[in-house]
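When you line the sequence shown up against our numbering, it's residues 3 to 102, in that order.
Every residue, glycine too, gets a C-beta built ideally from N, C-alpha and C.
Owing to the predicted nature of the structure, the values given are computational and were not obtained by experimental measurement.
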Amino acid sequence: MSNAANDAVERLLDAIEADSDDCWAMYEEIGRVAVGRLRLADRDALRAIARAWVASDDAQAALVDTDRHSPDLDAAKDRAERVDAVLRDVIRNVLFPAAT
């Protein structure tokens, strides 16, 4: 690997560590590969992820639709955080079952 390629890898790893938006293309490709594998090997796991994704999307949409002065804002934020955590847990448990 060339020095330029090594530098690019290091920049990407640094961006991942910093949770930078520069990593979305890589995340998307990793997701495509994982979903493709699950589609062929474990439809139930893919269905569990899809259910959690839909719940997360619904909660995020409800949060966006909640006026920032609404008394329901804190509850909408809490729900969005909870269902996002569930989504992450489902993905983690499906992809890395021994690590949980």
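Determine the DSSP secondary structure at SER58, reduced to helix, strand or coil. Reduced to three states, the DSSP call for SER58 is helix.
In this structure, how does DSSP classify ASP74 when only helix, strand and coil are distinguished? coil
How far does the alpha helix (DSSP H) with ALA43 in it extend, from its first residue to its last? 26-43
Within a Cβ cutoff of 7 Å, which residues of the same chain sit near VAL92, ignoring the five residues on either side of it in sequence? ALA50, ILE51, ALA54
Using the beta-carbon count (16 or more within 10 Å), is VAL37 buried or exposed? Residue burial is scored here from C-beta neighbours: VAL37 has fewer than 16 other C-beta atoms within 10 angstroms and is therefore classed as exposed.
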